[in-house]
Every structure is written in C-alpha cells, then in structure tokens.
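Down below is the structure, laid out as structure tokens.
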DNA sequence: GCCCAGGAGTGTG
DNA sequence: CACACTCATGGG
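In the numbering used here, the protein residues as written are -9 to 276.
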C-alpha cells in the first residue's frame, strides 16, 4: 500500500540516521526503509508531505508512522523555547527537521542495554543479528526486533554468539527480570519515577534509563548523558561533573524539552568529531 | 595493531 | 559520596 501524510518539518536523515534508532537504512535515492511494528515501511519526503509505502499494509499503518515520528510534536514550539538559549540557538537552526522518535518500549530497552560501550555501527549490527535470528519475519528478508518472549528463549551462550560480548548476560538477566506486565506499569509513570524503576533493571544505569525514558516512553524531559554529551556540555557550557549534576543542569537549562536539546547537542558534537560522524558503518555509507 | 565506543557493575577509600 | 577497575569485542 501507499499513501502520504503531512509531517513537517521532518528531515529523514537527521531523524532516522542520528543514532536514536538503529533499524532504518538510507537508500541512494533518498528513501529510508525499515521495520515498524508488523510492517516493512519505505519513507520519502516530498515537500511538506511524507510518502509512505508499506507491506503488508493495513489501516493502522498511518497511525504507526505518525506515532513513530511523533507527528504531533510542535517543533516550532520546541525551537522557540530552546532558541532562548543562545549557546544552543547557533547549533539548532539547521536541525529543524530532526524529530525525537518514539520506539517500542521493549525494543528500546533491549537496544540501549546493548548499546552500552559500543559504537553505533556495532550496535546496529548486534540488533540486526538478534532480529534475524529471533524476530518475526515481516517482508522479504526483513524481521522485526524480537519480542520479549522471543528473546527470552535465547540462552546466554547463543546471545554471545550474536556478538553481544558481555552484554549477553545483561540481556539474558533482563529477560528474566522484566515482563510485559511490568512494561505496562512503567508506561503509567511520570519521568522521575520511571527512571528510578528503570535503573533497578539489570544492565540499566543512568544513561540507558534516560535513553529509554526518552525514546521508548516518550518522556521529552529526559536528557541522556553519554561521552558525546559530556564533551558538548564541557565544550559549549564549561560544565563538568557526575551524571546527576549534569542532569540537574540540563533540567534547569532546557526544561521540558531537554530531550530535544540533547539530540541537537548529540548530533552536532558528532559532526564536530575528528574522524567524521561515524553515524553509519562503512558498508552503509558508500 | 591500536583506539574507542549512546556504560554498567562491583569493590574500595 | 568519589574513584578505580573490569567486562568482551568489533568497527574505524
């Protein structure tokens, strides 16, 4: 099936290729393709419109795409609020098309547990391998990220063979600790309570809890701090300190849209990096 | 080969 | 509380 809808501003590369989500792939013709729920979706921007092609299709695809791209976010409002920060204002004018993405809670949780101390190309590969081996086939060779029960069937030894390294045990224990019912409960919590419960999970520390709060549970006030954000805060604001200190600074400075501020900072800090941005693996880049 | 990665867990002072 | 150390590994 094929249809179009209005989501604007939206830059697919800035949004789907900036390390929030790991399963979208850019084609040379400018389209972006990836699994979304039970669909294989191809996206293309045409002016203010977004052209969507989906297999196998269905009534719910429009809602799926709108939710994933957070179509109801008021980007003008975000920029109006964050633009009052003169340090941030310089860097964000070219990033109006970057939207925070809304990922399935379980997929997001597992993905960012995998993301600990690995670079983005490697994270992408780990997730790809898990999907290939344990996920449900959607269309062609594309498979969905494995559900909790699908992934729970894997032994830690099998997970090791997927190239997860020491993260295999995190994932294994995570599967044994959490269930769908608990995920349902977490959805009801406000950000502070949510992150508090998330850090109790195995393999989930401050940073992963904030990534999952932001991308998985859609709490826009979350501000994940990784090595790149640490550098950005030091370089642009002269701020250093431990996680809770930096987090408090971000909350005060960026308020309810700290998540967007974080993504703008992350994007620019990576462009600022010496060896290019490393957003994609070599294979994907050519 | 070397360096580093969207860190977390654990132990110690 | 703050550090220090370890964890397993592949992409650049």
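Note that beta-carbon positions come from the ideal geometry of N, C-alpha and C, so glycine has one too. Source: prediction; values computed, not measured.
Is residue i helix, strand or coil by DSSP?
i           : result
residue 22  : strand
residue 151 : helix
residue -5  : strand
residue 68  : helix
residue 242 : helix
residue 60  : coil
residue 35  : strand
residue 79  : helix
residue 0   : coil
residue 40  : strand
residue 266 : Its pLDDT being 47, under 50, residue 266 is placed unreliably by the model, and nothing is read from it.
residue 184 : helix
residue 258 : helix
residue 53  : helix
residue 191 : coil
residue 206 : helix
residue 230 : coil
residue 179 : coil
residue 5   : helix
Thinking C-alpha only, which one of the options is nearest residue i?
i           : options               : result
residue 161 : 254, 35, 102 and 50   : 102
residue 151 : 185, 43, 124 and 189  : 124
residue 22  : 32, 28 and 170        : 32
residue 87  : 220, 64, 52 and 18    : 64
residue 198 : 24, 107 and 126       : 107
residue 189 : 208, 168 and 26       : 168
residue 177 : 157, 214 and 207      : 207
residue 27  : 20, 6, 7 and 58       : 58
residue 142 : -1, 81, 174 and 120   : 120
residue 213 : 196, 248 and 228      : 248
residue 95  : 156, 220, 163 and 201 : 201
residue 35  : -5, 193 and 109       : -5
residue 90  : 184, 1 and 226        : 1
residue 40  : 255, 20 and 29        : 20
residue 112 : 144, 84, 154 and 81   : 154
residue 71  : 246, 174 and 262      : 246
Applying the criterion that 16 or more other CB atoms from any shown protein chain within 10 Å of the CB defines a buried residue, is residue i buried or exposed?
i           : result
residue 77  : exposed
residue 10  : buried
residue 37  : exposed
residue 172 : exposed
residue 258 : buried
residue -9  : exposed
residue 275 : At residue 275, the pLDDT of 45 sits below 50, so the modelled position is not reliable; the number obtained from the coordinates is stated separately. Residue 275 is exposed by the Cβ-count criterion.
residue 230 : exposed
residue 97  : buried
residue 273 : Caution applies to residue 273, whose pLDDT of 47 falls short of 50 and renders its modelled position unreliable; the value that the coordinates give is listed next. It counts as exposed.
residue 92  : buried
residue 236 : buried
residue 266 : A caution first: residue 266 carries a pLDDT of 47, below 50, which makes its placement in the model too unreliable to give a value.
residue 224 : exposed
residue 217 : exposed
residue 254 : buried
residue 139 : exposed
residue 13  : buried
residue 211 : buried
Mind checking who residue i pairs with in its DSSP beta bridge?
i           : result
residue 10  : Its beta-bridge partners do not exist; DSSP assigns none.
residue 30  : 25 and 45
residue 251 : Its beta-bridge partners do not exist; DSSP assigns none.
residue 212 : The partner list for residue 212 (beta bridge, DSSP) is empty, contrary to what the question assumes.
residue 16  : 22
(message) Which complete alpha helix (DSSP H) runs does the segment 86 to 171 hold, if anything under 4 residues is left out?
(response) If we require 4 residues or more, the alpha helix (DSSP H) runs fully inside the segment 86 to 171 come out as 95 to 104, 110 to 124, 138 to 142, 146 to 149 and 157 to 167.
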